[in-house]
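Enquirer: Shown below is the structure under consideration.
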Amino acid sequence: MELGKLSEQYESNGDVGAISSGYNDAGGVSYGLYQLSSVYGSVDEFIKWALNSDNTVYKQYGEYLSGAKVGTDLFNAFWQCLADEDSTGFAQMQHDYIKHAYYDRAVELLRKAYLNIENHSNALKQVVWSRAVQYGVNNIVDMFTQALNYFPEQYPNLSYVDAIRFDWDLINGIYEVCKTEEWNNSALRDSLNSRFDSEKKKALNLFEKEVK
13 MELGKLSEQY ESNGDVGAIS SGYNDAGGVS YGLYQLSSVY GSVDEFIKWA
63 LNSDNTVYKQ YGEYLSGAKV GTDLFNAFWQ CLADEDSTGF AQMQHDYIKH
113 AYYDRAVELL RKAYLNIENH SNALKQVVWS RAVQYGVNNI VDMFTQALNY
163 FPEQYPNLSY VDAIRFDWDL INGIYEVCKT EEWNNSALRD SLNSRFDSEK
213 KKALNLFEKE VK
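This is how it looks when you write it as structure tokens:
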């Protein structure tokens with residue numbers, strides 16, 4: 013599975029032009045494969061990145077999107093137009109941005125906490141991507157550390173589980189953390205917990221296929 017596919021499946025069902033209703037969502041209307049938030053500035057950061065990109069197509073798309081205010085009907089039309097006219101290219105643009113702004117930064121923070129992603133499964137990499145997108149990069153280390161509480165044996169920090177043989181327990185623990193009230197206390201709690209159960213099952217299946 014290509015990196016990021018687990019996340020996009022649950023964020024947008026792979027719809028590059030997806031625009032959420034924003035109903036009951038503190039992040040407001042969200043956009044694209046990874047549901048970038050309009051309220052928290054994620055869409056603005058995406059456009060800023062595109063405008064500064066060395067990729068001329070990304071820069072052109074950034075200029076196009078910057079021609080309307082995020083969240084307006086006109087912006088929504090611009091977003092949908094790019095998705096309709098160049099779904100593959102626009103999807104790759106979103107993927108490249110998320111890797112740069114979320115995944116790579118999350119991997120670096122985990123490395124500083126003594127969990128080196130190169131020692132782990134592709135399934136765990138998918139989970140890192142997904143959790144960084146949904147909860148933000150700066151929450152990753154805390155989330156992964158709390159996941160240790162769900163291991164059969166207790167470990168004091170992530171350095172003790174920095175090997176692929178710990179990935180099943182780590183993946184399981186991460187989604188159990190996400191289901192706690194500390195991490196999930198919104199009006200969408202029940203539906204989010206259903207997502208976490210489903211996504212955990214899929215991630216564990218990916219891991220088991222990978223290592224057997």
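13 is the number of the first residue of the sequence shown in the working numbering; add one for each residue after it.
Don't be surprised by glycine CBs; every beta carbon is placed ideally from N, CA and C.
Less than 8 Å between the C-beta atoms of SER24 and LEU48, yes or no?
Expert: The residue given as residue 24 occupies position 12 in the sequence shown. The residue given as residue 48 occupies position 36 in the sequence shown. No, the pair does not count as a contact, with Cβ atoms beyond the cut-off.
Enquirer: Beta-carbon within less than 7 Å of ASP174's beta-carbon, same chain only, minus the 5 sequence neighbours each way: which residues are those?
Expert: As a working note, residue 174 is residue 162 in the sequence shown. Here the set comprises TYR126, LEU127, ASN128 and ASN131.
Enquirer: For ILE129, list the residues DSSP reports as bridge partners.
Expert: Stepping through the sequence shown from its first residue, residue 129 is reached at position 117. Answer is none; ILE129 lacks a bridge partner.
Enquirer: With ALA135 and ILE183 assumed to form a contact (beta carbons below 8 Å), what rounded beta-carbon distance in angstroms separates them?
Expert: Translated into the one-based positions of the sequence shown, residue 135 becomes position 123. Translated into the one-based positions of the sequence shown, residue 183 becomes position 171. Yes, they are in contact, since the Cβ atoms of ALA135 and ILE183 sit about 7 Å apart, within 8 Å.
Enquirer: Would the region 21-39 count as touching the region 196-206 if we require 3 or more Cβ pairs under 8 Å?
Expert: Three or more Cβ pairs drawn from the region 21-39 and the region 196-206 lie within less than 8 Å of each other, which places the two stretches in contact.
Enquirer: Where do the ends of the alpha helix (DSSP H) carrying THR192 lie?
Expert: Within the sequence shown, the letter at position 180 stands for residue 192. Here THR192 belongs to no alpha helix (DSSP H), and DSSP marks it neither H nor E.
Enquirer: Hey, PHE87 and ALA80 are a contact pair by Cβ (cut 8 Å); roughly how many whole angstroms apart?
Expert: Working through the sequence shown from its first residue, we reach residue 87 at position 75. Working through the sequence shown from its first residue, we reach residue 80 at position 68. Their Cβ separation, rounded to whole angstroms, is 4 Å, which keeps PHE87 and ALA80 in contact under 8 Å.
Enquirer: Tell me whether the beta-carbon of GLY74 lies closer than 8 Å to the beta-carbon of ALA89.
Expert: Counting from one through the sequence shown, the residue named residue 74 turns up at place 62. Counting from one through the sequence shown, the residue named residue 89 turns up at place 77. No, they are not a contact pair.
Enquirer: For THR68, which option in GLY83, VAL82, MET105 and GLY53 has the closest C-alpha, if you only look at C-alpha atoms?
Expert: Within the sequence shown, numbered from 1, the residue matching residue 68 stands at position 56. For THR68, the closest of GLY83, VAL82, MET105 and GLY53 by C-alpha to C-alpha distance is MET105.
Enquirer: Check the C-beta distance from LEU15 over to LYS137 and give it rounded, since I have them as a contact under 8 Å.
Expert: Here residue 15 refers to the residue found at position 3 when the sequence shown is read from its first residue. Here residue 137 refers to the residue found at position 125 when the sequence shown is read from its first residue. Rounded, the Cβ-Cβ distance is 6 Å, consistent with contact.
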